[in-house]
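Structure first, commentary second.
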Amino acid sequence: MRNEDILYLGTKSKSRQKLIQIAGIDYKVLEHKSEECGIDIKHGFETYVLSIAQEKMEHLILPKKEKVKRDYIFVLTADTLVRTIKSNQILTKPKDVEDGKKMLKFLCQEPVQVVTACCLEKKKWNVKKWYIDKKIHWSTKTEVEFCVQDEYLDLYFQKMPNALNACSAGIIEGFGQNFLKNINGSYTSVIGLPLYELRQNLKKMNFKSKFL
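Sequential numbering from 472 applies to the sequence shown in the numbering used here.
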């Protein structure tokens with residue numbers, strides 16, 4: 472039986488970790504010192520989101536060599552942002568429940584574009600540090616229509632307290648599925664990771680896992 476590789480995640484997102492678990496991939500979580508700031512938005516929304524994921528990768532606290540059995544590691548960072556399609560407003564994580572309700576009302580008025588950007592890198596050890604051996608950086612775009620009617624807003628936040636940790640306060644899993652009108656693109660990307668694309672890119676890098 473071949474030894475399986477470990478995917479080092481530069482994210483504390485429980486949704487992303489759950490998706491990695493669903494994929495049957497062994498993982499460990501890394502800390503990062505990123506301020507999660509991207510380049511100027513004028514370069515395009517997808518480019519902006521990808522630049523945040525890249526900034527996270529650049530500021531990861533990588534494992535010490537003595538704690539790694541091999542001379543290489545696989546590392547993943549990601550970022551997800553939401554933008555309204557007609558008014559071009561970027562919806563970040565709400566400050567509180569009232570702010571979340573305002574964002575959900577935006578979602579009822581127009582569809583949104585959800586972009587998840589990923590940076591996947593294979594790093595090798597060379598004398599004193601990890602260096603990039605291979606990398607695949609990409610973004611996945613999905614259009615979503617999601618509407619929580621006013622009479623359900625309080626119930627929504629009672630059932631989905633983690634909505635305060637989601638961009639736009641919209642969560643399409645669990646109780647949130649009641650309000651998902653339409654989705655055009657990757658369901659898992661909206662949750663936090665485009666799982667199909669990730670698995671394909673891990674294969675390209677010869678990541679060893681019995682589920683790939």
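No residue lacks a Cβ here, since even glycine has one placed at the ideal position from N, Cα and C.
Owing to the predicted nature of the structure, the values given are computational and were not obtained by experimental measurement.
Margin query: If you follow the alpha helix (DSSP H) that V688 is in, where does it begin and where does it stop?
Written below: The structure shown has nothing for residue 688, since the chain only spans 472 to 683.
Check: Thinking C-alpha only, which one of N677, K652, N655, L683 is nearest Y667?
Finding: The residue with the shortest Cα to Cα distance from Y667 is L683.
Item checked: Contained alpha helix (DSSP H) runs [length at least 4] in the segment 615-669, N- to C-terminal order -> With a minimum length of 4 residues, the continuous alpha helix (DSSP H) runs that stay inside the segment 615-669 are 624-630, 658-662.
Note to self: Just verifying my parser: in three-state terms, what is the DSSP assignment at S610?
What the structure shows: S610: strand per DSSP, three-state reduction.
Note to self: Taking only three categories from DSSP, how would you classify M472?
What the structure shows: Reliability fails at M472, whose pLDDT of 43 lies under 50, so the model's placement of it is uncertain and the value that follows must be treated cautiously. Per DSSP, reduced to three states, the secondary structure at M472 is coil, with no helix or strand assignment.
Next item on the list: Would you kindly report the start and end of the unbroken beta strand (DSSP E) that includes L501?
Entry: Note, L501: premise wrong, no beta strand (DSSP E); not H, not E.
Check: Which partner residues does A549 have in the DSSP bridge list?
Finding: Answer is C589, bridged to A549.
Checklist line | L578: first and last residue of the uninterrupted alpha helix (DSSP H) it sits in | finding: Following the DSSP letters along the chain, one finds L578 inside the alpha helix (DSSP H) bounded by residues 568-580.
Check: Just curious, the beta strand (DSSP E) that L478 is in, first and last residue?
Finding: If you look at L478, you'll find it in the beta strand (DSSP E) that goes 478-480.
Next item on the list: Give every residue of the same chain whose Cβ lies closer than 7 Å to the Cβ of M472, excluding the five residues on either side of it in the sequence, and list them in chain order.
Entry: The predicted position of M472 is uncertain, since its pLDDT is 43 and thus under 50; a value taken from the coordinates is nonetheless stated next. Listed in chain order, the non-local C-beta contacts of M472 below 7 Å within the same chain number zero, local neighbours out to five positions each way being set aside.
Note to self: Could you check whether L521 and S660 sit closer than 8 Å to each other, using their CB atoms as the reference points?
What the structure shows: Not in contact: S660 and L521 (Cβ atoms no closer than 8 Å).
Next item on the list: Could you say which of K527, G495, N653, V568 lies nearest to C579 if we only look at CA atoms?
Entry: The residue with the shortest Cα to Cα distance from C579 is N653.
Notebook entry, point to check: Is S558 buried or exposed, if buried means 16 or more other CB atoms sit within 10 Å of its CB?
Noted result: S558 comes out exposed.
Note to self: Taking its Cβ as the centre, do 16 or more other Cβ atoms sit within 10 Å of G495, making it buried, or is it exposed?
What the structure shows: If you draw a 10 Å sphere on the C-beta of G495, you find fewer than 16 other C-beta atoms in it, and that means exposed.
Check: Roughly how many whole angstroms lie between the Cα atoms of G647 and Y627?
Finding: Between the alpha carbons of G647 and Y627 lies a gap of roughly 7 Å.
Margin query: In whole angstroms, give me the CA-to-CA distance for E529 and K538.
Written below: Looking at the two C-alpha atoms, the distance is approximately 20 Å.
Checklist line | Per-residue DSSP class, three states only, for K679 | finding: Shown here, K679 sits in coil according to DSSP, grouped into three states, outside any helix or strand.
Next item on the list: Please report the residue range of the alpha helix (DSSP H) in which E526 lies.
Entry: E526 -> alpha helix (DSSP H) spans 516-529.
Item checked: W601 beta carbon less than 8 Å from that of L664 -> Contact check for L664 against W601 fails: the beta carbons are separated by 8 Å or more.
Next item on the list: Would you kindly check if the distance between the Cβ of K564 and the Cβ of L490 is under 8 Å?
Entry: Not a contact, by the Cβ cut-off of 8 Å.
Check: How many whole angstroms separate the CB atoms of L690 and K572, which I take to be in contact at a CB cut-off of 8 Å?
Finding: Here the chain has residues from 472 to 683 only, and residue 690 is not among them.
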